[in-house]
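Residue numbers (full-length UniProt numbering), protein chains in the order written: chain A, 1 to 258; chain Z, 1 to 258.
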């Protein structure tokens with residue numbers, strides 16, 4: 001079988017509420033990948049198979065997921081987003097497309113990622129943000145949360161925040177930036193950038209940081225939980241609806257973009 | 001049949017995306033009223049029938065819809081929101097409940113209403129706001145839109161913006177406040193307050209004001225369209241997803257709230 005001529009990369013935004021995660025599922029279960037591959041197959045006039053930078057879970061959102069696929073389809077990349085978006089439902093949007101280098105892999109070439117986790121402090125449930133943030137019905141101590149988050153910056157063993165029963169890979173990662181921002185009206189947004197994240201790591205960090213914000217555990221206790229490198233001491237995984245994959249980093253030459 | 005003992009009023013917020021409007025529909029079509037009445041029936045241990053201040057259309061949202069119903073149910077109003085919200089889907093929330101005066105009608109006692117219409121100027125579709133704002137893919141001239149909106153303040157015949165084939169009622173209304181606010185990141189929010197609105201009036205105003213913002217019609221032409229009192233000259237009705245019923249006014253004694 002002849003190798004397909006082009007390696008096309010896409011940046012994709014989606015609201016994950018109605019999907020069983022990014023990764024392809026067996027119908028009738030629908031994942032973002034199923035829907036995106038179907039639309040791309042029409043535009044490229046052949047079956048396509050996507051590789052994605054991050055396999056977001058059910059309910060998790062993305063501003064800047066990156067995928068790539070090989071095709072002999074002839075559509076110019078400039079016209080591709082509009083053509084594909086015309087076939088996609090309103091909650092999935094291709095925001096960019098480019099010809100990637102032959103050996104570019106959205107998944108394996110990634111050198112870093114950024115996530116945002118959104119929290120909303122409210123007195124009554126807000127029907128407009130319930131799928132887009134974790135709603136918290138008590139006030140949060142933002143300064144205590146910041147003190148806890150500050151401990152996580154650097155190169156560390158994040159075993160305390162990895163998913164129970166996750167794949168056996170090194171639990172050491174580097175988080176070089178964590179910012180908890182107050183956005184007004186009780187909304188908080190936590191930005192995390194690192195060279196990689198363990199499965200459920202952001203959601204487990206956030207649930208434990210929220211426990212600090214609610215005064216259920218002290219900042220000192222948070223430090224102990226982090227140091228013990230044992231998942232059983234951190235809080236239960238935070239809801240998927242608050243998590244957004246913001247962006248994926250690649251070395252300049254790798255994605256062939258510039 | 002003995003009259004029921006209590007007249008309970010509720011303030012309700014909902015995201016209208018998944019409903020065929022507020023007004024009760026024959027199943028399998030589902031309206032907000034169907035869902036709300038079913039939950040209230042459980043809490044009150046009897047069938048209830050709601051009257052609502054505004055019959056929002058399919059896809060239209062509400063921050064502060066007001067409804068009332070008569071019941072012999074004994075639940076204290078203080079406990080009612082939490083009890084009902086526990087039975088409601090995440091996109092409908094009762095935010096307030098109070099004992100209303102015997103002759104209070106959410107619909108007929110209303111003396112005014114406020115709506116917001118949200119617009120978003122974007123270069124690519126945004127999957128997170130597509131159901132919550134009218135997305136516009138060209139820049140809007142906000143000052144021209146404000147000049148057009150300013151003409152509408154006061155007591156006027158709004159026939160040019162009423163729904164074609166609407167009910168034969170007086171087309172004269174008073175709009176005492178219209179504010180078009182820039183909320184950053186290309187987002188615009190238009191607040192309209194008046195003593196009443198004709199069917200589709202806000203959406204027909206907004207579509208025609210957007211035509212002004214896009215330079216398709218001049219501010220002068222907008223004035224002519226308003227003056228001619230004929231629906232055929234205004235722009236096609238703007239999308240439902242941008243519209244929010246914000247609040248309903250009552251005279252203080254009427255709702256028995258204070």
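For each residue, glycine too, the CB sits at the ideal point set by N, CA and C.
With which residues is residue i paired in a DSSP beta bridge?
{"i": "residue 249(Z)", "result": "112(Z)"}
{"i": "residue 7(A)", "result": "70(A)"}
{"i": "residue 65(A)", "result": "12(A)"}
{"i": "residue 173(A)", "result": "156(A)"}
{"i": "residue 51(A)", "result": "68(A)"}
{"i": "residue 135(A)", "result": "120(A)"}
{"i": "residue 97(Z)", "result": "10(Z)"}
{"i": "residue 193(Z)", "result": "114(Z), 177(Z)"}
{"i": "residue 182(A)", "result": "188(A)"}
{"i": "residue 92(A)", "result": "14(A)"}
{"i": "residue 243(A)", "result": "117(A)"}
Starting from residue i, find everything on chain A with Cβ-Cβ shorter than 9 Å and list it in chain order.
{"i": "residue 92(Z)", "result": "127"}
From the beta carbon of residue i, is the nearest beta carbon of chain A less than 9 Å away?
{"i": "residue 14(Z)", "result": "yes"}
{"i": "residue 239(Z)", "result": "no"}
{"i": "residue 130(Z)", "result": "yes"}
{"i": "residue 258(Z)", "result": "For residue 258(Z), the predicted model reports a pLDDT of 48, less than 50, meaning its position is unreliable; a value from the coordinates is still stated below. Residue 258(Z) does not count as touching chain A."}
{"i": "residue 124(Z)", "result": "yes"}
{"i": "residue 10(Z)", "result": "no"}
{"i": "residue 53(Z)", "result": "no"}
I want to see whether chain Z comes within less than 9 Å of residue i, judged by CB atoms only; does it?
{"i": "residue 79(A)", "result": "no"}
{"i": "residue 95(A)", "result": "yes"}
{"i": "residue 247(A)", "result": "no"}
{"i": "residue 61(A)", "result": "yes"}
{"i": "residue 195(A)", "result": "no"}
{"i": "residue 85(A)", "result": "yes"}
Listing by chain order, which chain Z residues have their CB less than 9 Å from the CB of residue i?
{"i": "residue 191(A)", "result": "Chain Z residues near residue 191(A): none, gap ~17 Å exceeds 9 Å."}
{"i": "residue 18(A)", "result": "Within chain Z, no residue comes near residue 18(A); the closest Cβ sits about 10 Å away, beyond 9 Å."}
Roughly how many angstroms lie between the CA atoms of residue i and residue j, to the nearest whole one?
{"i": "residue 160(Z)", "j": "residue 152(Z)", "result": "11 Å"}
{"i": "residue 58(A)", "j": "residue 119(Z)", "result": "29 Å"}
{"i": "residue 28(A)", "j": "residue 19(A)", "result": "11 Å"}
{"i": "residue 13(Z)", "j": "residue 94(Z)", "result": "6 Å"}
{"i": "residue 206(Z)", "j": "residue 91(A)", "result": "24 Å"}
{"i": "residue 258(Z)", "j": "residue 81(Z)", "result": "Residue placement at residue 258(Z) cannot be trusted, given a pLDDT of 48 that sits under 50; what the coordinates show is reported in the next sentence. Those two C-alpha atoms are separated by around 18 Å."}
{"i": "residue 237(Z)", "j": "residue 154(A)", "result": "54 Å"}
{"i": "residue 190(Z)", "j": "residue 179(Z)", "result": "6 Å"}
{"i": "residue 8(Z)", "j": "residue 101(Z)", "result": "9 Å"}
{"i": "residue 192(Z)", "j": "residue 135(Z)", "result": "19 Å"}
{"i": "residue 106(Z)", "j": "residue 113(Z)", "result": "12 Å"}
{"i": "residue 176(Z)", "j": "residue 239(A)", "result": "43 Å"}
{"i": "residue 184(A)", "j": "residue 37(Z)", "result": "34 Å"}
{"i": "residue 130(A)", "j": "residue 124(A)", "result": "11 Å"}
{"i": "residue 89(A)", "j": "residue 219(A)", "result": "44 Å"}
{"i": "residue 145(Z)", "j": "residue 214(Z)", "result": "9 Å"}
{"i": "residue 156(Z)", "j": "residue 108(Z)", "result": "22 Å"}
{"i": "residue 76(Z)", "j": "residue 98(Z)", "result": "9 Å"}
{"i": "residue 87(Z)", "j": "residue 204(A)", "result": "29 Å"}
{"i": "residue 147(Z)", "j": "residue 60(Z)", "result": "26 Å"}
{"i": "residue 50(Z)", "j": "residue 40(Z)", "result": "10 Å"}
{"i": "residue 174(A)", "j": "residue 245(A)", "result": "17 Å"}
{"i": "residue 71(Z)", "j": "residue 171(A)", "result": "59 Å"}
{"i": "residue 110(Z)", "j": "residue 96(Z)", "result": "17 Å"}
{"i": "residue 6(A)", "j": "residue 103(A)", "result": "11 Å"}
{"i": "residue 182(A)", "j": "residue 121(A)", "result": "11 Å"}
{"i": "residue 45(A)", "j": "residue 4(A)", "result": "13 Å"}
I want to verify the contact list: residues of chain C whose CB lies under 7 Å from the CB of residue i, in sequence order.
{"i": "residue 34(A)", "result": "Absence of chain C from the displayed structure is noted, the protein chains being A and Z."}
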